[in-house]
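Just below is one structure, and these are the notes that go with it.
2 protein chains.
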Amino acid sequence: MAQNQKSGRVTIKEVAEDAGVSVAAVSKVLREAYGVSEALKTKVRASMKKLNYRPLATARGMRGQTFTIGVTFPDLRNPFFADILAGINSALERTQYQLMLGVSLSTPLIEETLIDSMIDRQMDGLILVGTTVNPAFLEPTASRKPLVTIGHHVEGESSFDTVNNDDRLGAILVVRHLVANGYRKIAMLSLNSTTSTLITEREHGYRQAMGDHGLQEHVQILRVGQTLREVQTATRRLLQSPDKPDALFCWTDFIALEVISIATELGLAIPDDLAVVGYDNTMYCDFAQNNLTSVDQSGEVLGLQSARLLIERIRGRQEAEHFVVTPRVVARGSSLAVGGRGMGQGS
Amino acid sequence: MAQNQKSGRVTIKEVAEDAGVSVAAVSKVLREAYGVSEALKTKVRASMKKLNYRPLATARGMRGQTFTIGVTFPDLRNPFFADILAGINSALERTQYQLMLGVSLSTPLIEETLIDSMIDRQMDGLILVGTTVNPAFLEPTASRKPLVTIGHHVEGESSFDTVNNDDRLGAILVVRHLVANGYRKIAMLSLNSTTSTLITEREHGYRQAMGDHGLQEHVQILRVGQTLREVQTATRRLLQSPDKPDALFCWTDFIALEVISIATELGLAIPDDLAVVGYDNTMYCDFAQNNLTSVDQSGEVLGLQSARLLIERIRGRQEAEHFVVTPRVVARGSSLAVGGRGMGQGS
């Protein structure tokens with residue numbers, strides 16, 4: 020096999036001979052050039068398969084495309100990213116593109132290094148999921164590589180595509196749902212990020228909806244990091260304070276599941292003593308022991324759409340596209356009206 | 020910035036001039052060659068930093084190292100992989116190495132394509148986590164690239180390193196723990212993989228321990244896939260059968276959490292009607308709503324060790340090393356002795 024790689028590797032010439040076409044024709048099929056007939060594609064691909072031909076990525080890299088897409092995630096713990104990845108994978112399934120992942124651990128410096136290294140490694144384009152880099156870093160990056168972001172909001176013109184759910188609306192819908200189920204002292208557990216625009220949007224939606232329902236006095240936003248210790252400390256303090264909320268809107272499911280655990284340990288009944296709502300509607304919400312109300316932002320659709328847009332960009336589209344999904348609340352046991360609660364009664 | 024990349028890019032020559040050393044000396048520092056003095060390293064790195072020099076990965080690839088490590092995971096949904104990744108990341112933190120991830124979706128064909136594509140993209144070495152490829156594929160792969168596996172057991176000589184917990188012992192400890200807590204009808208929910216040696220080891224340990232405790236007649240192994248639907252169907256059938264077990268040992272936490280949900284929906288009390296034990300001791304086990312007994316196999320240590328071994332291999336070590344962690348049961352509410360149960364009483 021090692022020898023095969025060095026000397027016995029199948030060449031593009033052999034594929035051309037086997038298919039009875041020119042080397043240039045094989046090259047066109049490989050590049051996915053426009054105007055190649057289906058018949059030619061079928062013939063060449065059959066020969067590639069038969070001969071077990073595998074194009075050298077680095078050789079391709081020298082000529083232009085490597086057919087590799089770089090995707091960055093903030094971390095691997097949040098199950099929402101698995102949904103997005105499933106969508107990206109299903110978009111790439113019938114293409115020549117493969118993906119390489121990088122994990123930034125929610126650290127802007129690591130993410131910038133990752134992006135640079137993906138550009139060095141000749142990725143054809145980048146998808147940044149929940150990016151943490153300074154927004155000012157994105158424009159120059161987009162001038163070097165086709166770029167699509169998921170979970171990042173830009174205002175006005177931009178040189179890259181964005182794929183989002185309407186985060187502001189998502190937060191508004193959560194407050195509306197909780198108010199309809201009799202909760203009034205609704206606090207928000209947010210992320211202490213200085214760069215995340217999706218967090219800004221959700222906080223904005225939360226404030227706006229609290230105002231619309233005449234609940235300004237109960238507005239309370241806790242911004243905490245993502246480590247279990249930080250979430251525990253902040254949540255314990257909040258739930259043991261005299262000002263304890265009767266509902267907690269958490270910026271992601273993953274944090275909401277931790278909140279349910281902490282509240283349970285403190286002897287609070289959910290949803291009687293505390294309603295909990297998450298965001299992302301990941302598979303864990305459905306588990307009977309969690310039964311977590313959450314906002315569905317169609318992670319798989321976001322992933323699918325981002326890959327489609329990126330391939331369009333790689334093939335030459337210049338104008339930015341901004342794709343937005345409308346979120347919806349999926350109500351479950353963690354926030355439904357119980358006991359003495361009713362429309363607008365509060366606690 | 021785009022222009023800078025094409026024409027204004029800082030060259031190795033400029034770094035050499037700035038540092039007042041030869042180009043060959045800079046090259047040595049870049050390659051991390053042996054015998055380079057600390058003084059030279061410091062001088063050259065200071066110039067690189069000052070000039071914002073960034074070596075071209077593909078150019079480096081032509082010469083030899085790309086300082087990129089390829090890591091494959093079966094999927095992103097299983098939170099255990101986040102623990103392994105944290106370990107790999109902390110081992111690489113103070114090195115020049117960066118990692119690129121690939122996700123095989125537990126499909127051998129996708130994993131083989133990923134491995135090939137990582138070799139094409141000149142990764143310096145590979146870490147395969149929970150590999151699903153045919154073991155016969157691994158030796159030829161190792162002859163092309165330094166290779167370390169996590170969660171794959173080999174017998175005798177091999178051309179790659181392995182990092183494992185003792186999966187057989189892990190399963191034995193689970194059965195011992197359950198028997199000590201009064202359970203006897205202990206079934207195992209396993210994975211329907213034809214290639215996973217860690218699954219073979221765990222099933223072997225389970226059978227052996229059941230035999231040692233005189234419980235052969237209760238041996239029952241369900242092999243199911245990883246989709247929620249498959250787990251639900253198989254678990255419902257098992258828990259509603261006349262032969263319902265009183266304890267279920269699940270091959271990974273992620274599946275055990277699903278089992279808790281299904282059992283709860285069926286009205287079974289945990290651990291009174293059914294004990295549930297997982298494997299991996301991921302952070303979800305600790306959540307009060309799960310309270311899941313699990314086997315700790317030190318995921319972070321496995322990741323850390325795999326990266327260390329891989330770098331040794333890249334630097335020239337030839338003999339295979341096989342690192343093994345001793346697992347331990349972390350007992351929680353999902354399996355503790357309750358009600359009428361006692362030592363050896365059973366149900």
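Protein sequences appear in the order of chains A and B. When the letters of the first sequence are read in order and numbered with the numbering used here, they come out as residues 20 to 366. When the letters of the second sequence are read in order and numbered with the numbering used here, they come out as residues 20 to 366. By construction, the Cβ of each residue, glycine as well, lies at the ideal position given by its N, Cα and C atoms.
Sub-9 Å separation of residue i and residue j beta-carbons
i, j, result
"A:Lys164", "A:Met207", "no"
"B:Gly121", "A:Leu118", "yes"
"A:Leu157", "A:Ser177", "yes"
"B:Gly322", "B:Ile103", "yes"
"B:Trp270", "B:Leu210", "yes"
"A:Pro290", "A:Asp315", "no"
"A:Asn108", "B:Leu59", "no"
"B:Ile281", "B:Gln251", "yes"
"B:Val29", "B:Ala44", "no"
"B:Ser317", "B:Ile146", "no"
"A:Tyr225", "A:Asp265", "no"
"A:His391", "A:Asn183", "With chain A covering only 20 through 366, there is no way to say anything about residue 391 of chain A."
"B:Leu329", "B:Leu133", "no"
"B:Leu287", "A:Tyr303", "no"
"B:Thr246", "B:Pro154", "no"
"B:Ala350", "B:His232", "no"
"A:Thr254", "A:Ser212", "no"
Partner residues on chain B for residue i, Cβ-Cβ distance less than 7 Å
i, result
"A:Asn153", "Going along chain B, no residue has its Cβ under 7 Å from A:Asn153, so there is no contact; the nearest lies around 14 Å."
"A:Glu319", "Residues of chain B passing the Cβ test: none, with the nearest at roughly 13 Å."
"A:Thr214", "Neighbours of A:Thr214 on chain B: none; closest Cβ ~19 Å, over 7 Å."
"A:Arg283", "The residue asked about is misnamed: residue 283 of chain A is Thr in this sequence, not Arg. What A:Thr283 touches in chain B: Ala307 and Gln308."
Close-in-space but distant-in-sequence residues of the same chain around residue i (CB under 6 Å, 5 per side omitted)
i, result
"A:Phe273", "Asn97"
"A:Asp186", "Leu217, Glu220 and Arg221"
"A:Ala76", "Low confidence applies here, because A:Ala76 scores a pLDDT of 48, under 50, leaving its location unreliable; read the following figure in that light. Same-chain partners within the cutoff: Thr85."
"A:Glu100", "The displayed chain sequence assigns Phe, not Glu, to residue 100 of chain A. If we look at A:Phe100 and ignore the five residues flanking it on each side, its Cβ neighbours are Phe92."
"A:Val343", "Asn183 and Asp185"
"B:Leu293", "Ala282 and Leu287"
"A:Tyr72", "Val29 and Val34"
"B:Gly189", "Val314 and Pro346"
"A:Gln115", "Phe86"
Contact set between residue i and chain A, taken where Cβ atoms lie within less than 7 Å
i, result
"B:Leu276", "Phe306"
"B:Gly286", "Simply none; closest approach about 10 Å."
"B:Phe100", "Leu95"
"B:Asn309", "Gln308"
"B:Ser280", "Phe306, Ala307 and Gln308"
"B:Thr91", "Result: empty, since nearest Cβ-Cβ is about 10 Å, beyond 7 Å."
Three-state secondary structure (DSSP) of residue i
i, result
"B:Val194", "helix"
"A:Ser46", "helix"
"A:Gly106", "helix"
"A:Glu220", "helix"
"B:Val29", "coil"
"A:Leu95", "coil"
"A:Ile240", "strand"
"B:Met137", "helix"
"A:Met229", "helix"
"B:Ser5", "For residue 5 of chain B there is no data in the structure shown, the boundaries of chain B being 20 and 366."
"B:Thr156", "Note that residue 156 of chain B corresponds to Phe in the displayed sequence, not to Thr. Looking at B:Phe156 - three-state DSSP - the assignment turns out to be helix."
"B:Ala78", "Legend: pLDDT at B:Ala78 = 45, less than 50; position of this residue unreliable, no value from coordinates given."
"B:Gly144", "strand"
"B:Ala294", "strand"
"A:Tyr303", "helix"
"B:Val173", "coil"
"B:Gln63", "Correcting the residue type first, residue 63 of chain B is Val in the shown sequence and not Gln. Note: B:Val63 maps to helix in three-state DSSP."
"A:Asp185", "coil"
Per-residue contacts from residue i into chain A (C-beta, under 9 Å)
i, result
"B:Met302", "Arg96, Leu247 and Glu277"
"B:Gly121", "Gln117, Leu118, Met119 and Leu120"
Proximal residues to residue i (C-beta, below 8 Å), its chain only, five neighbours per side dropped
i, result
"B:Met229", "Val194, Ile205, Gln235, His237 and Val238"
"A:Leu128", "none"
"A:Asp37", "Ser66, Lys69 and Leu70"
"B:Ala339", "Glu176, Ser177, Ser178, Phe179, Asp180 and Thr181"
"B:Val295", "Ala266, Leu267, Cys269, Ala275, Val278, Ile279, Ala282, Ile289, Leu311, Thr312, Ser353 and Ser354"
Proximal residues to residue i (C-beta, below 7 Å), its chain only, five neighbours per side dropped
i, result
"A:Ala105", "Glu319 and Gly322"
"B:Val173", "Thr181"
Where residue i meets chain B, residues with beta-carbon distance less than 8 Å
i, result
"A:Leu104", "Leu95 and Val122"
"A:Asn184", "Within 8 Å Cβ-Cβ: nothing; A:Asn184 doesn't reach chain B, min ~20 Å."
"A:Asn108", "Val122 and Leu124"
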